[in-house]
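As structure tokens, the structure follows; a few thoughts come after it.
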Amino acid sequence: MKHLFLMLIMVSSTILSAQPNSNSDIKNGTVSGRVIDAQLNQPLPYVNIVIKDIANKVITGGITNDDGTFEIENIPEGNIIVSIQFVGFKTIDKNITLGKGNYKVNIGDIKLEEESTGLDEVTIVADVSTIQQKVDRKVITIGKDLQTAGATASEIMNNLPSVSVDQQSGSISLRGNQNVRVMVDGKLSNIPAEQLLKQIPSTSIKSIELITNPSAKYNPEGMSGIINIILHKNTQLGFNGNINVGLAYDIEPKFNGSIDANYRNGKFNLFGSYSNSVSKNNNYGHINRVEQEIQQNFNILNNNKSNLFKVGIDYYLNDKNTISVFTNQNIFEGWSKVNSGIAYLTNSSLNESQFTGGENENDSQQYNFNYKHDFNDEGHNIELEVDHNIYEGLGDTNNVFFSSQRPNFIENTDTDRNRTTINLDYVNPLSESVKLELGLQARLFDNSIFYQSDARETNQFGDYIPTTTRFDYTRDIYSAYATFGKKLEKWSYQVGLRAETVNVDSEAFKKDLSSNEELNIPFENDYFELYPSAFVTYSPSEKNSYQFSYSRRIDRPGIGQVNPLPEWNTPLISQFGNQELRPQFTNSIETNYTRQLEKGSITAGVFYRIIEDEIQQAILIDRTDLNRLIMTNLNFDNTSAYGIELSSNYRPTKWWSINASFDLFSQTQKSVAESFDTNQDIILNTVEVDNISYNVRAFNNFKVSKSLSFSVFGMYRGKNKSIQFEMKDMLMVNLGMRYSFMENRASFSLSYNDIFDTMFAQFDSQRPFVQHGQFNWESQQISGRLSYRFGGGKYRAKSRKQRDNDVKEGGGMF
């Protein structure tokens, strides 16, 4: 009954936020333009655009985009004042009349001049998060409400429509699929996505883009799309910055902090940031094999410490040329303790337990160079970017068995990874309504993993033998793209094509140290592919907009999927990669409808995907131990997926705002799973699973005063089927508060997650054994966070391209 009541609240919030505008007969207008720095002749983002009536009463407003442009809609007809206000600049007011024949007004370029003295303002963060549906992406601007919802990027992801984060493994999925690419400021990082998301403080995030059907301009990886996290970057005159500290606790403590600052003087802008995370994480659970009467118990403790540094400089040569360089340096170290036990309920003499102690450390380095030249025509430019990533990781694991015939053994893993990306992009607005974009790209990826164990495998005599294995993997991708877009009165379209040639070369070397026998397994896969895309937008009125898009994409197997070395193992389960795994291709069609309401907006969408050579998990029985399972990945026949989405942001009153969403997706998954027949012989079964799942989310923010606000977040995740498991439904309700002080320079937030203790993973399985299980993590966290910003001056940002990731991380148990 408690779950039903909470679900009714969330569904009611979603329905309420979708109520239409009762004043639809009122004619409204639109005002647009661009704001630029009069001295530097550069666009000014985040400038306040305030719309007032002739009595100087505020009607509505907004802020300028990264390119200085703005468009304010739903303005009642009549005489209005457009006030352009920005800290450190002189305010400009424009008198405009909206009426018959003049409902869309473009006031052109507005040049702001500096004040002789400036106020000390750094960044503008809205109280309430907003969701905006654009042609090729959904943009969620992170306000103070969502900053309260979680301390890190990983924690606030579950608040976003169509996004889910596995709180045990940290893996992220979009529309129920983990084949998603995660970017930060459009850049690829060698840091594993699960690790990176836990390092980014939520207060550092400006917006998150959900690019579910990217155009040909973007790299084509990721079946379900791209998640791009845009961070705040201060590039104001003088010295400016932000400081954040946070502490969370459930079973174990967790701390994170960050500081970012910049110094701008003349043509130089020096910027840098530092963030760290120190956390212990406790997970526990069990898996019961019913027919075999075997019970497995797990208790996992992780202790992770990470430090992320960034420093860079922008040099404005003149109004036409800009050079920018930066570097990211990440240092990570951690240890894990895993206690697992196996209880044979019919014969306790067979009981065994295992302790796995692991230590790992990795260093990741990123070096980026960017040069941009602007031609005389507005928006006409060419840009060169070179990005180089280095990753070095060491891992040591000690496996100790109790009451077992298995020998203790030690594993050592050494990983070296290098990635270089070179982009050359050209943009030419052929006219006010036509734009052409061309680009070339080279992506060079090299990965080497060395694995050593003193007694991991058995020979034909059943003796455990020491082995060493090395896995080398290189992939070079060369591509070119072209997109052409045109805007008409109510229609706009964009078509594009990307061509890629790919060279894959891998080789696995395995050596038996006791006999010095060596086995080499080479693999090559070279291919050429075309990736078309098309986007059409139709806006019959200011309140209604329709979008249609098509794209072809690819999922290249990641290192964790092709690496033949063991990714993880327990006494009864091991997971290995498949070196010969081929990529899968996806043709995706998507359509969206957006309705602007008097107090918000609502967006509804439908998508359909056809998946070729689908990659799915296979479950095999270990021939050396019939009680053990081997999990790996294989290619299967074509399949399809479809889904619907509904999201809305609505403000019923001045003090209450809602962000709500509902999504449903369906996909047919095919795989193979081995099992035993009545004679206990192993048989191979072809498995087909039809999975239909849905999610409901509602984020409510209640503003008590200018300084104090409270929030309530609820999420219900329906049942979810996969090849091996059927996950039960999940429910979570979180509470939060935020208080601002020191003239809004400082803020304190407090949150309490999973207040009813209903967030855990419960699952059943029928293949290859009948199993029931449950895993819990520290979901009932209480966390507090303190933020302070300092400095003052005016804003001027260096714009950067937004790129996507091109490597799928490894798998995972769930």
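Okay, so the sequence shown: first residue is 3 according to the numbering used here, each after it adds one. For glycine and all other residues, C-beta sits at the position ideal for the given N, C-alpha and C.
Let me know the secondary structure DSSP gives residue i once reduced to three states.
i      : result
Ile757 : coil
Gly70  : coil
Gly227 : strand
Ser541 : coil
Ile158 : helix
Gln407 : coil
Val49  : coil
Gly716 : strand
Leu176 : strand
Leu100 : strand
Leu521 : strand
Ser351 : helix
Ser789 : strand
Ser217 : coil
Phe816 : In this predicted model, Phe816 has a pLDDT of only 34, less than 50, meaning its place in the structure is not dependable; the value taken from the coordinates is given anyway. In this structure, Phe816 counts as coil in the three-state DSSP scheme.
Leu121 : In this prediction, Leu121 has a pLDDT of 30, which is less than 50 and means its spatial position is unreliable; what the coordinates show is noted afterwards. Leu121 falls in the coil class under three-state DSSP.
Ser781 : coil
Leu583 : coil
Just to confirm, are residue i and residue j a CB contact at a threshold of 9 Å?
i      : j      : result
Asn81  : Gly63  : no
Pro534 : Gly498 : yes
Pro566 : Thr470 : no
Asn372 : Ile325 : yes
Gly399 : Gly441 : It should be pointed out that residue 399 corresponds to Thr in this sequence rather than to Gly. Not a contact, by the Cβ cut-off of 9 Å.
Ile817 : Asn305 : Given a span of 3 to 816 for the chain in the structure shown, any question on residue 817 remains unanswerable.
Val564 : Ala620 : no
Tyr595 : Tyr548 : yes
Asp365 : Asn332 : yes
Asn67  : Val84  : no
Asp557 : Gln586 : yes
Ala218 : Thr485 : yes
Near residue i, what residues of its chain come up, given a Cβ to Cβ distance below 6 Å and the 5 sequence neighbours on each side ignored?
i      : result
Gly343 : Asn299, Ser355
Glu363 : Glu335, Leu396
Tyr428 : Ile384, Leu440
Leu272 : Tyr265, Ile315
Gly670 : It is Thr, not Gly, that sits at residue 670 in the sequence shown. So the qualifying residues of the chain are Thr641, Asp692.
Leu426 : Leu386, Leu442
Asn323 : His375
Thr760 : Leu733
Tyr529 : Val504
Val280 : Phe257, Lys307
Asn215 : Ser551, Ser553, Ser590, Glu592
Ser26  : The predicted model places Ser26 with a pLDDT of 44, which falls under 50 and marks its position as unreliable, so this point remains unresolved.
Asn370 : Phe328, Asp389
Ile694 : Ser668
Val340 : Ile302, Thr358
Ile245 : Ile261, Tyr790
Glu115 : Ala40, Lys92
Name the two residues that bound the continuous alpha helix (DSSP H) containing residue i.
i      : result
Val772 : Per DSSP, Val772 belongs to no alpha helix (DSSP H) and is neither H nor E.
Val564 : 561 to 564
Given residue i, which residues of its chain have a CB within under 7 Å of its CB, disregarding the five upstream and five downstream residues?
i      : result
Ser785 : Ala153, Gly248, Leu249, Ala250, Ser753
Met729 : Lys721, Asn722, Ala763, Phe765
Gly645 : Arg177, Phe609, Asp665, Leu666, Phe667, Ser668
Asn353 : Ile344, Ala345, Tyr346, Ser405
Phe638 : Glu616, Gln618, Lys672, Ser673
With respect to the beta strand (DSSP E) encompassing residue i, which residues constitute its N-terminal and C-terminal limits?
i      : result
Gln598 : 586 to 599
Ser707 : Unbroken run through Ser707: none, as it is neither H nor E.
Tyr318 : 296 to 318
Arg558 : Element bounds for Arg558: n/a, residue is neither H nor E.
Asn81  : 80 to 87
Trp657 : Segment: none, Trp657 is in no beta strand (DSSP E) and carries neither H nor E.
Glu93  : First, the amino acid is wrong: residue 93 is Thr here, not Glu. Element bounds for Thr93: n/a, residue is neither H nor E.
Asp683 : First-last for Asp683: undefined, no H or E at that position.
Does the Cβ of residue i lie closer than 8 Å to at least one heavy atom of the ligand MG?
i      : result
Ser724 : You won't find the ligand MG in this model; it holds no ligand whatsoever.
Examine chain C for any beta-carbon lying closer than 9 Å to the beta-carbon of residue i, and answer yes or no.
i     : result
Asn76 : You won't find chain C in this structure, because it holds only one protein chain.
Excluding five sequence neighbours on each side, which residues of the same chain lie with their C-beta closer than 8 Å to the C-beta of residue i?
i      : result
Asn731 : A small correction: the amino acid at residue 731 is Asp; Asn does not occupy that position in the sequence shown. Result list for Asp731: Tyr718, Arg719, Gly720, Lys721, in chain order.
Requested in this report: Counting only runs of 3+ residues fully inside the stretch 723 to 767, write out the beta strand (DSSP E) ranges in chain order.
Outcome: 732 to 743, 748 to 754, 763 to 767
Query - Whole beta strand (DSSP E) elements within the stretch 612 to 647, 3-residue minimum - result: Annotation: the stretch 612 to 647 contains the following complete segments of the beta strand (DSSP E) (minimum length 3 residues), in chain order: 617 to 623, 631 to 637.
Query - Contiguous alpha helix (DSSP H) assignments of at least 4 residues, all confined to the stretch 432 to 506 - result: none
Requested in this report: Within the stretch 257 to 292, note down every full beta strand (DSSP E) run reaching 3 residues or more, in order along the chain.
Outcome: Counting whole runs of 3 or more residues, the stretch 257 to 292 contains the beta strand (DSSP E) stretches 270 to 291.
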